[in-house]
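Same order as they appear, the protein sequences are chains A and B.
Take any residue in the first sequence, note its place counting from 1, add 1, and you have its number in this note's numbering.
Take any residue in the second sequence, note its place counting from 1, add 5, and you have its number in this note's numbering.
For every residue, glycine included, the Cβ atom is placed at its ideal position computed from N, Cα and C.
Remember, predicted model here, so these are calculated numbers, not experimental data.
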Amino acid sequence: MNNTMEKLSPWLFTIGLFVIWEAACRVFQVDKFILPAPSEAFAAMVQYWRPLMRHSAVTLWTTMAGFALAIVFGIVLGLVVGWSRTIYRGLYPVMIGFNSIPKVAVVPILIMWFGIGEVPAILTAFLISFFPIVVNVATGLATMEPELEDVLRALGASKLDIMLKVGIPRTQPYLFGSLKVAITLAFVGTVVSETVGANAGLGYQIALAGSNFQMPLVFAALLLLAVEGIAMYAAFASVEQHFTRWAFRSSMSAGG
Amino acid sequence: MLHKPESATSSAPTATKDSVVIDDVTLIYKGSASEVVALRGTSLTVRRGDFAAVVGPSGCGKSSLMRLVTGLAPPDHGTITVFGDKVRGPVKIAGMAFQNPNLLPWRKVVDNVMLPLEIVEPHRHRFRADKAKYRAQADALLKTVGLDGFGERYPWELSGGMQQRVSLCRALIHEPALLMLDEPFAALDVFTREELWCVLRDLWQKLGFTVILVTHDLREAAFLADRIHVMSARPGRIVMTKTVDLPRPRDLDICFEPQFVDIVHELRAKIAEVRNA
Ligand SMILES: Nc1ncnc2c1ncn2[C@@H]1O[C@H](COP(=O)(O)OP(=O)(O)OP(=O)(O)O)[C@@H](O)[C@H]1O
Ligand SMILES: [Mg+2]
Numbered sequence: 002m003n004n005t006m007e008k009l010s011p012w013l014f015t016i017g018l019f020v021i022w023e024a025a026c027r028v029f030q031v032d033k034f035i036l037p038a039p040s041e042a043f044a045a046m047v048q049y050w051r052p053l054m055r056h057s058a059v060t061l062w063t064t065m066a067g068f069a070l071a072i073v074f075g076i077v078l079g080l081v082v083g084w085s086r087t088i089y090r091g092l093y094p095v096m097i098g099f100n101s102i103p104k105v106a107v108v109p110i111l112i113m114w115f116g117i118g119e120v121p122a123i124l125t126a127f128l129i130s131f132f133p134i135v136v137n138v139a140t141g142l143a144t145m146e147p148e149l150e151d152v153l154r155a156l157g158a159s160k161l162d163i164m165l166k167v168g169i170p171r172t173q174p175y176l177f178g179s180l181k182v183a184i185t186l187a188f189v190g191t192v193v194s195e196t197v198g199a200n201a202g203l204g205y206q207i208a209l210a211g212s213n214f215q216m217p218l219v220f221a222a223l224l225l226l227a228v229e230g231i232a233m234y235a236a237f238a239s240v241e242q243h244f245t246r247w248a249f250r251s252s253m254s255a256g257g
Numbered sequence: 006m007l008h009k010p011e012s013a014t015s016s017a018p019t020a021t022k023d024s025v026v027i028d029d030v031t032l033i034y035k036g037s038a039s040e041v042v043a044l045r046g047t048s049l050t051v052r053r054g055d056f057a058a059v060v061g062p063s064g065c066g067k068s069s070l071m072r073l074v075t076g077l078a079p080p081d082h083g084t085i086t087v088f089g090d091k092v093r094g095p096v097k098i099a100g101m102a103f104q105n106p107n108l109l110p111w112r113k114v115v116d117n118v119m120l121p122l123e124i125v126e127p128h129r130h131r132f133r134a135d136k137a138k139y140r141a142q143a144d145a146l147l148k149t150v151g152l153d154g155f156g157e158r159y160p161w162e163l164s165g166g167m168q169q170r171v172s173l174c175r176a177l178i179h180e181p182a183l184l185m186l187d188e189p190f191a192a193l194d195v196f197t198r199e200e201l202w203c204v205l206r207d208l209w210q211k212l213g214f215t216v217i218l219v220t221h222d223l224r225e226a227a228f229l230a231d232r233i234h235v236m237s238a239r240p241g242r243i244v245m246t247k248t249v250d251l252p253r254p255r256d257l258d259i260c261f262e263p264q265f266v267d268i269v270h271e272l273r274a275k276i277a278e279v280r281n282a
């Protein structure tokens, strides 16, 4: 009983939210140019399903492309940074500084360089999402138990041996933990870029519909964005569960 | 049977009957604020095949001494010789175990035990080819420490005492000539600890490696060791070497013999003395 309740609760809360939203719009007779009721948003979704699907697909693939870049680059940089204290010390301030720059500010530059289209969106998704991956991979390496390192070094293990046998495997829970966070960031990056300058994607759709005062359509696109975000998060959460079951069982807990 | 530290080190490291010779070693940790002299004028000799114990007040530099012997840290002064060779870097032959078992949670118990074989030559190159042989070796070792049938489990499925047994197996699987133990049983309850004393005693008697055991437990030192080296408070040096001439093989009951109790008392008095010094 309790268990089924727990499984159902996310759905119940979501439905509850929509019900409250709908009720609030009706009771207070909110203008649909200000805030459309969910029913109107869903109606718009049905009405414009063709363009919405197309834009969703564009947003999804640009996000995934940017995210794939972020994973590769994030893992490589994370390993490099975690490899030596000197590199860690040297690169960390630079990375913090880079991460502090709002990526919205970078989008116009990317558009100037690459023109309006999907490339800036991919790059923005990449830029916004690689940082947590780097930090987590580096943390996984840096927090290796010194005694374990001693055990291996006393056997004549090289730095590379230690990385391969211990460092990289123990980084896995940190990595997968960070992917969940990073994928949602990647979506933000894509949509920001699409909103500023693109000719396809949900961000573009939102900007376009907004300028045409089609608020239900704006909200339909927002809802689809949320759905994509949740789906990707869930996908990476289950990947995490699958690959790092040991980390959930043993005392070593994942970061991120 | 008191050995002055000077007499213990006067033997030159020429004869290979000595496995570890620490000669007038100083180790200084250079912190950001100040320097910590962990060891000064420390000398110690361990004969081949001997079971040596090192006891001393907390923070006197016992763990540091272990890192020096295994070549994980260079001394600021003095020399360390292991099996006739001067230590210049990690010694590559030592098995080590600590208070924390430090097992890899993503590896099965047996794969944890086999980890050194993936690193140490010549096993490293044969590892893939001879995996079945090594696997049998690991299983046999697990059996001798009472973990028959636990090879396929994961470390987190084992109790602390069982994990420590695995850690011992990992330290011994490549048949090292030198076993370095830093308070390996400190986190265990008395019964498990005594059980593991016997496990270690049997392994040592069977395999004949040299052991240096750091411990806070004087009974543990007296029960297991041939010689017990007492260190002074920081900066640590050996202030007394006690030879334990209790007959072998020793049984746990020996802990109640007057001779055993006397040794423990003597050690205890010495440590109390150096702590207050
Ligand atoms: N990495 C380090 N940096 C600076 N100082 C250190 C470091 N490691 C140890 N020390 C200092 O050196 C001294 C000896 O430390 P060590 O760990 O060898 O003592 P120990 O005898 O093993 O102590 P315990 O019995 O508590 O384990 C301590 O005073 C400690 O503060
Ligand atoms: Mg210590």
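**OP:** Might you give, ordered along the chain, the residues of its own chain that have their beta carbon closer than 6 Å to the beta carbon of A/E195, omitting 5 neighbours on each side?
**Re:** Counting only Cβ-Cβ distances below 6 Å, and skipping sequence neighbours, we find A122, G202, G204 and Y205.
**OP:** Please specify which runs of the beta strand (DSSP E), each continuous and at least 3 residues long, are wholly inside the region 65-103 of chain B, giving them in chain order.
**Re:** List check, beta strand (DSSP E) in window: 82-87 and 99-103.
**OP:** Assess, as a yes-or-no matter, whether the region 60-80 of chain A is touched by the region 129-148 of chain A under the definition of 3 or more beta carbon pairs within less than 8 Å.
**Re:** At 8 Å Cβ cutoff, the stretches touch.
**OP:** Please determine if the region 145-155 of chain B and the region 82-98 of chain B are in contact, where contact requires at least 3 C-beta pairs separated by less than 8 Å.
**Re:** In short, these stretches do not touch, since the Cβ pair count stays below three.
**OP:** Work out the CA separation of B/L108 and A/Y49 for me, nearest whole Å.
**Re:** For the pair A/Y49 and B/L108, the Cα-to-Cα distance works out to about 57 Å.
**OP:** Under 6 Å from any heavy atom of ligand 2, by CB: list those residues in chain order, please.
**Re:** Any heavy atom of ligand 2 counts here; residues with a Cβ closer than 6 Å to one of them, in chain order, are B/K67, B/S68 and B/D187.
Original post:
Hey, does A/V182 have any beta-carbon neighbour from chain B nearer than 8 Å?
Top reply: So no, A/V182 is outside the interface.
Original post:
Can you find a C-beta in chain B that's less than 8 Å from the C-beta of A/L142?
Top reply: Cβ-Cβ to chain B under 8 Å: no for A/L142.
Original post:
Should A/S159 be listed as close to ligand 1, given that the test is whether its C-beta is under 7 Å from any heavy atom?
Top reply: No - ligand 1 has no heavy atom lying nearer than 7 Å to the Cβ of A/S159.
Subject >> Given 8 Å, three or more beta-carbon pairs between the region 225-236 of chain B and the region 56-66 of chain B >> reply: The region 225-236 of chain B vs the region 56-66 of chain B: in contact.
Original post:
In the structure shown, what three-state DSSP assignment does B/A13 receive?
Top reply: Note that B/A13 scores a pLDDT of 36, beneath 50, so its modelled location is shaky; the value from the coordinates is reported in the next line. DSSP places B/A13 in the helix class (H, G or I) of the three-state scheme.
Original post:
DSSP on A/S179, reduced to helix/strand/coil?
Top reply: In the three-state reduction of the DSSP assignment, A/S179 falls in the helix class, which pools H, G and I.
**OP:** Return the CA-CA distance between B/L44 and B/S69, expressed in angstroms with no decimal places.
**Re:** Straight-line Cα distance between these residues: approximately 8 Å.
Original post:
In its own chain, which residues sit with a C-beta less than 6 Å from the C-beta of A/R246, not counting the 5 before and 5 after it?
Top reply: Answer for A/R246: no residue qualifies.
**OP:** Pick out the complete alpha helix (DSSP H) segments inside the region 154-230 of chain A, 4 residues or longer, and give them in chain order.
**Re:** Every alpha helix (DSSP H) stretch that sits fully inside the region 154-230 of chain A and reaches 4 residues is listed by chain position as 160-163, 169-197 and 203-212.
Subject >> Local conformation of A/A35 per DSSP, three classes >> reply: Just to set this straight, residue 35 of chain A is Ile in the shown sequence, not Ala. Coil.
Original post:
How big is the Cα-Cα spacing for B/M6 and B/E271?
Top reply: Residue placement at B/M6 is flagged as unreliable, the pLDDT there being 40, under the threshold of 50; the coordinate-derived value follows with that caveat. Approximately 11 Å between the Cα atoms of the pair.
Original post:
What are the complete alpha helix (DSSP H) segments, minimum 4 residues, inside the region 24-82 of chain A?
Top reply: Restricted to the region 24-82 of chain A, the alpha helix (DSSP H) segments that are unbroken, complete and at least 4 residues in length are 39-48, listed in chain order.
**OP:** Pick helix, strand or coil for A/M113, following the three-state DSSP scheme.
**Re:** Here DSSP, grouped into helix, strand and coil, assigns A/M113 to helix.
Original post:
Cβ of A/F154 less than 8 Å from any chain B Cβ?
Top reply: For the record, residue 154 of chain A in the displayed sequence is Arg; it is not Phe. Yes - at least one Cβ of chain B is within 8 Å of the one on A/R154.
**OP:** Please confirm whether any heavy atom of ligand 1 lies closer than 7 Å to the CB of B/V279.
**Re:** No - ligand 1 has no heavy atom lying nearer than 7 Å to the Cβ of B/V279.
Subject >> CB contact below 8 Å: A/E241 versus chain B >> reply: For A/E241, the nearest beta carbon of chain B is not closer than 8 Å to its own beta carbon.
Original post:
The alpha helix (DSSP H) spanning A/S130 covers which residue range?
Top reply: E119 to A143 is the span of the alpha helix (DSSP H), which, as asked, contains A/S130.
**OP:** Would you kindly work out how many angstroms separate the C-alpha atoms of B/T14 and B/T197, rounded to a whole number?
**Re:** Bear in mind that the predicted position of B/T14 carries a pLDDT of just 37, short of 50, making it unreliable; the figure below should be weighed with that in mind. Taken atom to atom, the span from the alpha-carbon of B/T14 to that of B/T197 is near 36 Å.
Original post:
Counting only beta-carbon atoms, is A/K104 nearer than 8 Å to chain B?
Top reply: For A/K104, not one C-beta of chain B is nearer than 8 Å to its own C-beta.
Original post:
Is there contact between the region 143-150 of chain A and the region 183-191 of chain A, where contact requires at least three CB pairs shorter than 8 Å?
Top reply: No, the region 143-150 of chain A is not in contact with the region 183-191 of chain A.
Original post:
Is A/S10 helix, strand or coil by DSSP?
Top reply: In the structure shown, A/S10 adopts helical secondary structure according to DSSP, grouped into three states.
Original post:
Which residue or residues does DSSP assign as beta-bridge partners of B/I33?
Top reply: BP columns for B/I33 point to B/V42.
Subject >> Listed by chain order, chain A residues near B/E180 by CB distance under 9 Å >> reply: Taking a Cβ-Cβ cut-off of 9 Å, B/E180 has no neighbours in chain A, whose nearest Cβ is about 12 Å from it.
Subject >> Residue(s) in a DSSP beta bridge with B/I243 >> reply: Note: B/I243 is bridge-paired with B/M236 in the DSSP secondary-structure output.
Subject >> For B/F265, three-class secondary structure by DSSP >> reply: B/F265 falls in the helix class under three-state DSSP.
**OP:** For A/E334, return the contacting residues in chain B, with the cut-off set at a CB-CB distance below 8 Å.
**Re:** An answer regarding residue 334 of chain A cannot be provided, because it is not within the stretch 2 to 257 covered by chain A.
Original post:
Can you find a C-beta in chain A that's less than 8 Å from the C-beta of B/V204?
Top reply: No, its Cβ sits nowhere closer than 8 Å to a Cβ of chain A.
Original post:
Can you tell me whether DSSP reads A/A248 as helix, strand or coil?
Top reply: In this structure, DSSP gives A/A248 a helical state, which the three-state scheme calls helix.
**OP:** Quick one: which residues of the region 73-89 of chain A get their C-beta closer than 7 Å to a C-beta of chain B? List them in chain order.
**Re:** Residues: none.
Original post:
Does the Cβ of B/V41 lie closer than 7 Å to at least one heavy atom of ligand 1?
Top reply: Under cutoff, so the answer is yes.
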